[in-house]
Amino acid sequence: MKEKLQKIGENLKGVRLSKRAWLIIGAVLLLVAGTVAGYFMGKHFADGKAEENKEALISKHKKREKELEEQLREMKIQKPEERPWYLTLVNDTNPMQEGYVPELTKVVGEYQVDSRIAEPLKQMLADAKKDGMKLSVCSAYRSAEKQKELYNLYMGNEVRSGKNYWQALEETTKSTAYPGKSEHSLGLAVDIVSAKYTALDEKQKDTPEAKWLAKNCYKYGFILRYPVDKTDITGIIYEPWHYRYVGKEDAKKIMERGITLEEYLGE
């Protein structure tokens, strides 16, 4: 276990961790300390009952230790530069590499995505159609310039509604990322709504199409990027239409656990 902790420590150099990640790591350290203390205390016990208690304690700690190690592995704690392309994190505190433009492929009409996710996305849309779903892609890749236009438009609308600059800024950033901090510019995000209800609001989640996507998206490597009640973590309001590609294996784990990409990466 000591060697495992040393390896974890080496891997954590230069990595920003979330409070949850530190809690799990702290729990592992406490387990080690508790197991060692329990072992030496057990040496002072004289009767057989005490010996049984010691063995039970060690067994319990080993089981919990294994569970915590699994959680650490699943959190994909890595230095950002060591993560695979499909786990690139872009948000308010993790801006994109300046000037980055992915190789693009058209998927629906004029909408484009990173070429590496074009086939999984097309397959998901095709399978949804087979199941009677009427999906409509309303946004995909968005250049930094286009993101800037959109951001300024929404910001202007908030100011014109009577808000001061700071109020408008706060309201705008809840639903629109600042240029350079939007996943759409990665080419890995796509907004998909029901063709029968195209409004970008929480009612979208009640459509058969949104329910189908939430249930099946992981099979194609996608996750619901901004889940309900996770705004304090993602910085973005609940968006039942925004899907992000992270690869099949990671998508399955994220959706099964009901967590965000930030939580999964330990950010």
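This note's numbering puts the sequence shown at residues 1 to 267. Heads up, the beta-carbon is just placed ideally off N, CA and C, and yes, glycines get one too.
Item to check | Span separating the alpha-carbon of Gln167 from that of Leu224 | outcome: A straight line joining the alpha-carbon of Gln167 with that of Leu224 spans about 28 Å.
Item to check | Residues near Met155 by beta carbon distance below 6 Å, same chain, minus five either side | outcome: Once the five neighbours on either side are set aside, the close Cβ partners of Met155 are Ala168 and Thr172.
Checklist entry - Below 7 Å between beta carbons: does that hold for Gly204 and Pro179? => result Per the sequence shown, residue 204 should be read as Gln rather than Gly. No.
Next on the checklist: Below 8 Å, how does it come out for the stretch 174-189 and the stretch 156-164: are there three or more Cβ pairs, yes or no?
Outcome noted: Short answer: they don't touch.
Next on the checklist: Am I right that Val268 and Ala140 are in contact with their C-beta atoms under 8 Å? What's the rounded C-beta distance?
Outcome noted: Given that the chain is displayed from residue 1 to residue 267, the structure contains no residue 268 and the question cannot be resolved.
Checklist entry - Can you tell me whether Tyr100 is buried or exposed, with buried defined as 16 or more other CB within 10 angstroms of its CB? => result It is exposed - the Cβ of Tyr100 has fewer than 16 other Cβ atoms within 10 Å.
Next on the checklist: Using 7 Å as the threshold, is the C-beta distance between Lys215 and Lys134 below it?
Outcome noted: Contact: no.
Checklist entry - Applying the criterion that 16 or more other CB atoms from any shown protein chain within 10 Å of the CB defines a buried residue, is Gln123 buried or exposed? => result Exposed: under 16 other Cβ atoms inside 10 Å.
Next on the checklist: Taking the straight line between their C-alpha atoms, what separation do you get for Ala251 and Tyr218?
Outcome noted: Just so you know, the alpha carbons of Ala251 and Tyr218 end up roughly 5 Å apart.
Checklist entry - Can you name, in chain order, every residue of its own chain whose Cβ lies under 7 Å from the Cβ of Val246, other than the five neighbours on each side? => result Excluding residues within five positions, the ones whose Cβ falls inside 7 Å are Tyr86, Leu87, Gly221, Ile223, Ile254 and Leu261.
Checklist entry - Going by beta carbon distance, what residues of the same chain come within less than 7 Å of Tyr268, once the five residues before and after it are set aside? => result Nothing about residue 268 can be reported from this structure: the residues present for the chain run from 1 to 267 only.
Checklist entry - Taking the C-alpha atoms as reference points, what is the distance between Asp127 and Asn94? => result If you take the alpha carbons of Asp127 and Asn94, they lie about 34 Å apart.
Checklist entry - Helix, strand or coil: how does DSSP classify Arg257 here? => result Here Arg257 carries a helix assignment [DSSP, helix/strand/coil].
Checklist entry - Can you name, in chain order, every residue of its own chain whose Cβ lies under 8 Å from the Cβ of Gly258, other than the five neighbours on each side? => result So the qualifying residues of the chain are Pro227.
Next on the checklist: Just to confirm, is the Cβ distance from Leu98 to Ser115 under 7 Å?
Outcome noted: Before going further, note that residue 98 is Glu rather than Leu in the sequence given. Inclusion of Glu98 and Ser115 in the CB contact set at 7 Å is not warranted, their separation being larger than that value.
Checklist entry - Among Ala144, Leu200 and Thr105, which one has its Cα closest to the Cα of Pro120? => result Of the candidates Ala144, Leu200 and Thr105, the one whose C-alpha sits nearest the C-alpha of Pro120 is Thr105.
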